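Colleague: Here you go, one structure.
Protein chains: 2
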Amino acid sequence: MGRGPTSKDVARLAGVSQSTVSYVMSGKRSISAETLRRVEEAMAALNYQPHAGARALAGSRTNTIAIVMPFASAYDAGQLMAFVEEFVLAARVHDYDVLLVTAEEGIEGLRRITGGRQCDAAVVMQVTAQDQRADLARTLDFPVIFIGVPEDTTGLACVDFDFEAAGRLLVEELADLGNTRLSVLGWGADSVGRDYNYIGRFARGVTGAAEAHRLPVDWHLAPAADGFAAVLDAGLHPDGGRTGIIMTAGLSGGMRALALRGLVPGRDADVVALCTEAEAEEQVVPLTAVSTQPRDVSRMVAERLFALIDAGCPAQEGVDIVPATLVRRASTGRA
Amino acid sequence: MGRGPTSKDVARLAGVSQSTVSYVMSGKRSISAETLRRVEEAMAALNYQPHAGARALAGSRTNTIAIVMPFASAYDAGQLMAFVEEFVLAARVHDYDVLLVTAEEGIEGLRRITGGRQCDAAVVMQVTAQDQRADLARTLDFPVIFIGVPEDTTGLACVDFDFEAAGRLLVEELADLGNTRLSVLGWGADSVGRDYNYIGRFARGVTGAAEAHRLPVDWHLAPAADGFAAVLDAGLHPDGGRTGIIMTAGLSGGMRALALRGLVPGRDADVVALCTEAEAEEQVVPLTAVSTQPRDVSRMVAERLFALIDAGCPAQEGVDIVPATLVRRASTGRA
DNA sequence: TTGTAGGCGTTATCAT
DNA sequence: ATGATAACGCCTACAA
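One line per chain: the protein sequences are A and B, in this order. According to the numbering used here, the first sequence holds residues 1 to 335 in order. According to the numbering used here, the second sequence holds residues 336 to 670 in order.
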């Protein structure tokens, strides 16, 4: 494998010193128009690409960001992809590349990457309430952004979707439609406060809004939502009441349960969901839904991260929240 | 941001020369048990991590592999994720990291990454019949593996799923079930030979097997499959015949079309698909299907790639094919 | 505006 | 079995 041209080769061809080539690239000092032209021509002629390793060594900047991804997780793959794509694009704009690290490597992965100076910053996805990586990050003196909110956010930079508002919006939509009770198919009330606290935040949003509207709520755990099936079998709208349905986890299972009983969303009951745009639109009846917006989250992460990098700070405490919005579709047909 | 300990620090603490530390890491010369112990203790005590850039510069090995990914493409996100996860895991086993490059960067992305020696090899996904990146790779003297098969594979290392066998298996299954004609909802006959030639290979598999079984086939282009809807409306089983359905692209649209007419796969018609396992199982009636196996492809790619890297070859011409298998589910209920 | 030179942290070739 | 030491390719004071 050929070694490829170096800045020295460029310099020779352009008839300048090697440092001039370097300064042409960095723009850190003024160059005469003539010199600039000659150097750029030489670079083009040789198809010169600076050696990333040498650059990292001398400049102590890798122009690489690591992103710690929870592959085999509860996350939806489409969401993950969208997030990553958007992030890579944003990174490229700043002339950064993206290194992939699996969450399975755990805390050691973070240590390895940061210790080896393979990157200038890291993004850690799907953070849990008690996340060891948060503790590590605090001691690291290295810019890390967390997606998700650990219990103790001291000294941490976090970004997350507004799950609480999501829960609230869904409840209010069903309330506005005249529903008098709610059936929630999701992570379930007993998951509140466990691992990922977005579950808890969503539940809080639902509960708060339901109380405000005096709507009784019954929760059913997906995917083994026998209770949910029982509700459907018992009749959704007993004695003049009207049951609105909220789906979070186990969407496809829930939709199947409805279909098997001949229940059509929007006709026989109002159904809303917390899911991706794609999921909402793929259903037999497209769902009115609040969609977590991975691209918005991604942009916010990128923005914040590059601010940190440019500032040279290790981290800048604070939780950024990406707003939630509801999109109406056919599953809440009547007005 | 602290500079972190160097091998020099380790050497000092262990009371040895810096080169000894290096040799302890590489194992390229024998070390006395005593020295080994002292060096390892020092490394642990300082939490030493070798500087990746310096290592790449001196050793001309990055221990990084770039993977060029088609984010916003026809690929299913779940497939992509599975592929990538499996690949990252395999890479880690060989002590390699993975750099993400978007296909949107096109040919320049490949050039940039390889030129800058940011990686020791690259994987290019979703290769088209006439792929510029293939031409570049041939001139590159750099190990590249392609997923997908360009028209001219001279000097190229390619891996792909056996789409032809997939088509054949699906047809044979429907034939065995007593169907007398086929309706295919997919990329359509006119897509054959265009961009991604797996479409053509799949079509060839279908056509070949259909001819062997003397089954007439009508093709319908997804997603605007009006023709498909017409077939459903015209009645699937005219005068004693029986129409088997094959779905490829536009699966959800096709399933919806059936559902809207009250047609249940496995009861009213045999339905088979080329899709992911997840898709096959998510449907209201789980589908008998041939599933592209991203993890199998990934493993084959990794295996081949590390063989190349270890051998120091730029590439090793040849097309590896990942076998196709059919899994029976409820959508072909009757025997 | 431009050139010179030292150093970044490894690897690998000499020696010993 | 181990120590010096010269690259590796680039960045950046320091000079001019």
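Ideal Cβ positions, reconstructed from N, Cα and C, are used throughout, including at glycine. As the structure is a prediction and not an experimental result, all values here were calculated from the model.
(1) For A/Asp141, decide whether its Cβ has a neighbour in chain B, counting only Cβ atoms nearer than 9 Å.
(2) Tell me the rounded alpha-carbon separation between A/Phe71 and B/Val419.
(3) Between the alpha carbons of A/Gly193 and B/Val494, how many angstroms are there, rounded?
(4) Just to confirm the assignment, what range does the alpha helix (DSSP H) spanning A/Leu308 have?
(5) Can you grab the Cα-Cα spacing for the pair A/Pro50 / B/Gly450, in whole Å?
(6) Would you decide whether B/Thr489 is buried or exposed? Buried here means 16 or more other CB atoms lie within 10 Å of its CB.
(7) What would DSSP say about B/Arg427, mapped onto helix, strand or coil?
(8) By the three-class DSSP mapping on this structure, what secondary structure does B/Val599 have?
(9) What first and last residue would you give for the beta strand (DSSP E) that runs through B/Gly521?
(10) Against chain B, with Cβ distances strictly below 9 Å, would A/Pro216 count as a contact?
(11) So B/Thr397 and B/Arg452 are in contact, right, with Cβ under 8 Å, and what is the actual spacing, rounded?
(12) List, in order along the chain, the chain A residues whose C-beta lies closer than 9 Å to that of B/Met360?
(13) Assign B/Asn532 to buried or exposed, taking buried as 16 or more other Cβ atoms, counted over all protein chains shown, within 10 Å of its Cβ.
(14) Which residue wins for smallest C-alpha separation from A/Gln348, given the options A/Ala157, A/Cys119, A/Gly106 and A/Ile147?
(15) Of all Cβ atoms in chain B, is any one closer than 9 Å to the Cβ of A/Met81?
(16) Please specify which runs of the alpha helix (DSSP H), each continuous and at least 4 residues long, are wholly inside the region 375-424 of chain B, giving them in chain order.
(17) At a CB distance below 8 Å, what residues from the region 421-435 of chain B approach chain A? Give them in sequence order.
(18) Within 10 Å of its beta-carbon, does A/Ala280 have 16 or more other beta-carbons around it, so buried, or fewer, so exposed?
(19) Could you tell me the distance, in whole angstroms, from the CA atom of A/Gly333 to the CA atom of A/Ile246?
(20) Taking the alpha helix (DSSP H) that A/Met25 falls in, what are its first and last residues?
(21) Contact criterion: CB-CB distance below 9 Å. Does A/Thr336 meet it with respect to chain B?
(22) Could you check the C-alpha separation between A/Gln316 and A/Leu308 for me, to the nearest Å?
(23) Can you give me the C-alpha to C-alpha distance between B/Gln353 and B/Ala380, rounded to a whole angstrom?
(24) Taking A/Ile113 as part of the alpha helix (DSSP H), name the residues at either end of that continuous run.
(25) Can you tell me whether B/Val479 is helix, strand or coil according to DSSP?
(26) Run through chain B and tell me which residues come within less than 9 Å of A/Gly266, C-beta to C-beta.
(27) Determine, using beta carbons only, whether B/Thr488 comes closer than 9 Å to chain A.
(28) Any idea if B/Ala672 is buried or exposed, counting beta-carbon neighbours within 10 angstroms, 16 or more meaning buried?
Modeller: Once the coordinates are examined:
(1) yes
(2) 9 Å
(3) Reliability fails at A/Gly193, whose pLDDT of 49 lies under 50, so the model's placement of it is uncertain and the value that follows must be treated cautiously. In a straight line, the C-alpha of A/Gly193 is about 45 Å away from that of B/Val494.
(4) Pro294 to Ala311
(5) 8 Å
(6) exposed
(7) helix
(8) coil
(9) Arg516 to Gly521
(10) no
(11) 6 Å
(12) Under the 9 Å cutoff, chain A gives no residues; its nearest Cβ is about 12 Å from B/Met360.
(13) buried
(14) In this structure chain A extends from 1 to 335, so residue 348 of chain A is not present and cannot be described.
(15) yes
(16) 387-394
(17) Val423, Leu424, Arg427, Asp432, Val433, Leu434 and Leu435
(18) buried
(19) 15 Å
(20) Gln18 to Ser26
(21) Look at the range of chain A in this structure, 1 to 335, and you will see that residue 336 of chain A is not part of it.
(22) 7 Å
(23) 16 Å
(24) Gly106 to Gly115
(25) strand
(26) In chain order: nothing, as chain B lies at least about 14 Å away.
(27) no
(28) Residue coverage of chain B in this structure runs from 336 to 670, which leaves residue 672 of chain B outside it and unanswerable.
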